[in-house]
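In our numbering, the protein residues as written are 265 to 430.
Glycine included, each C-beta is placed from N, C-alpha and C at the ideal position.
What follows is a short report on a single structure.
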């Protein structure tokens, strides 16, 4: 790169509002523009290798948020599932030991005893609480990309934003 006192504005990439002076040999990032001076440069990284493209790729990566509430519910469901197996076996033994009971009645009674043991309401109520939180945030023009973000937001006491307010 050759320059005659070149100042580059990289605010679109870094958020820094002050222009940076560039000397010959300094890298010029794609997405920046000249504020003052003159110069020439050679593009070494284009397409997917460009700095702006790498920033975009990093921002586009999606990772599932780890939710303590979801982990707790999964743990409860795992324990209930493991408890359901011995209780189910005992229930089968009790139902088939009843005199004058057909196998159809025994299966019906066993099912009636086991189905309420699955905490479906726990998952339903948690999902509804997340959904209501998303609706309330949506009314305030906030974009929520995942339901567990509500849980994370509940623990926030200070929100920091950059100079642009984004």
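Checklist entry - Is DSSP giving residue 302 helix, strand or coil here? => result The count along the chain shown starts at 1 and reaches residue 302 at position 38. Here residue 302 carries a strand assignment [DSSP, helix/strand/coil].
Item to check | 6 Å CB neighbourhood of residue 331 in its chain, flanking five on each side removed | outcome: Counting from one through the chain shown, the residue named residue 331 turns up at place 67. 412 and 415, listed in sequence order.
Next on the checklist: Taking the beta carbon of residue 292 as the centre, do at least 16 other beta carbons fall within 10 Å, making it buried, or is it exposed?
Outcome noted: In the chain shown, counting from the first residue as 1, residue 292 sits at position 28. Per the 10 Å Cβ criterion, buried.
Next on the checklist: What does the Cβ neighbour count give for residue 347, buried or exposed, with the cut at 16 atoms within 10 Å?
Outcome noted: Counted from its first residue, the chain shown places residue 347 at position 83. So residue 347 ends up on the exposed side.
Checklist entry - Where do the ends of the alpha helix (DSSP H) carrying residue 284 lie? => result One-based indexing of the chain shown puts residue 284 at position 20. Where residue 284 is concerned, there is no enclosing alpha helix (DSSP H), although the beta strand (DSSP E) it sits in stretches over 284–286.
Checklist entry - Are there three or more Cβ pairs, one per stretch, closer than 8 Å when the stretch 381–388 is compared with the stretch 334–353? => result Yes, the stretch 381–388 touches the stretch 334–353.
Item to check | Of the residues 311, 297 and 312, the one placed nearest residue 305, counting alpha carbons only | outcome: Within the chain shown, numbered from 1, the residue matching residue 305 stands at position 41. Minimum Cα distance to residue 305 is reached at 297.
Checklist entry - Between residue 406 and residue 294, what straight-line distance do the alpha-carbon atoms span, to the nearest angstrom? => result The count along the chain shown starts at 1 and reaches residue 406 at position 142. The count along the chain shown starts at 1 and reaches residue 294 at position 30. Using only the alpha carbons, I get a separation of about 30 Å.
Item to check | For residue 333, the nearest candidate out of 387, 396 and 401 (CA to CA) | outcome: Residue numbering aside, residue 333 sits at position 69 when the chain shown is read from its first letter. It is 387 whose Cα lies nearest to the Cα of residue 333.
Checklist entry - In terms of DSSP beta bridges, what is residue 270 paired with? => result Translated into the one-based positions of the chain shown, residue 270 becomes position 6. For residue 270, DSSP records a beta bridge to 286.
Next on the checklist: Can you tell me whether residue 280 is buried or exposed? The criterion is at least 16 other CB atoms within 10 Å of its CB, across all chains shown.
Outcome noted: Walking along the chain shown from the start, residue 280 turns up at place 16. Exposed, since its Cβ has fewer than 16 Cβ neighbours within 10 Å.
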